[in-house]
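Accompanying notes for the structure given below.
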Amino acid sequence: MRKINAVISAAIMVLFVIHGTMGAMTLLGVGHINFKYLAWVMAGLIAVHTLIGIILTAKTLAVCKKTGAPYFKENSLFWARRISGLAVMLFVFFHVNAFSYTTYGVYRLKFFGIGKLISQFGLLASAAVHIITNTRPMLIALGVKKLKPRAGDILLFLSIMLAVMALAFVIYCIRWNFL
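Below is the structure:
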């Protein structure tokens, strides 16, 4: 199950980069490629990933309870992974709410204020924490040798992409409110 979850996680990361890049281009006004269907595929994969995560968490907690192993304070990284995943789910709801307005099948934009900007920063921050804390276990589950250079490359690339997405959100908010 962990291997399947790792493959799903890698697919989600690829779709996240595609969705974020195309979305940033749209928000910056330099293009408009609608990958709505890929976004819904990603949402479905996130739902499966979440379900597997819940199952694996329940199994881990059951083993900890049975063996008396510590599972709270002593394992903060475990909980950072779980809490950041829940935060991603919450902020995905706000993201969908901020950008998926249609009227009779036609895409419409709604006011993008500071509250929506903050919620999108929440999405990026929770995604960053979730990706940073889970990249190494994902690579291990996929059987990647020499973890350090691979994890470093992935995290550098994703950090740059998250910065571009954050910049696009800021510029979009400025355009709505001041220009």
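Numbering-wise, the sequence shown is residues 16 to 194 according to our numbering. Think of the CB as a built atom: it goes at the ideal place given N, C-alpha and C, for glycine as much as any other residue.
Query, Result
"Determine the DSSP secondary structure at Y52, reduced to helix, strand or coil.", "helix"
"Would you give the residue range spanned by the beta strand (DSSP E) that Y187 belongs to?", "Counting along the chain, Y187 falls outside any beta strand (DSSP E), though it belongs to the alpha helix (DSSP H) covering 162–193."
"Can you find the residues in the same chain that come closer than 6 Å, C-beta to C-beta, to N149, ignoring five residues on each side of it along the sequence?", "R96"
"Would L138 pass as a contact of F106 if the rule is Cβ separation under 8 Å?", "yes"
"Exposed or buried, which one is S91 when buried takes at least 16 other CB atoms within 10 Å?", "exposed"
"Is the beta carbon of S99 less than 8 Å from the beta carbon of H34?", "no"
"Using the Cα positions of M40 and L60, report the straight-line distance between them to the nearest angstrom.", "24 Å"
"Here's the rule: buried if 16 or more other CB atoms are within 10 angstroms of the residue's CB, otherwise exposed. What is S174?", "exposed"
"Going by C-alpha distance, which of A58, F50, Y52, G44 is nearest I27?", "A58"
"Under 8 Å by Cβ, that's how I've got C188 and L132 pegged, so tell me the actual separation to the nearest angstrom.", "4 Å"
"Are there 16 or more other CB atoms within 10 angstroms of the CB of S115, so buried, or fewer, so exposed?", "exposed"
"Taking 8 Å as the CB-CB cut-off, is M57 touching chain D?", "Structure shown: chain D not included; a single protein chain is present."
"Along the chain, where does the alpha helix (DSSP H) that runs through G137 open and close?", "129–156"
"Thinking just about the alpha-carbon of each residue, which of N192, A183, M104 is nearest to the one in S141?", "M104"
"Going by beta carbon distance, what residues of the same chain come within less than 6 Å of W191, once the five residues before and after it are set aside?", "F127"
"Kindly indicate the opening and closing residues of the alpha helix (DSSP H) around M40.", "17–43"
"For G83, which of helix, strand or coil comes out of DSSP?", "coil"
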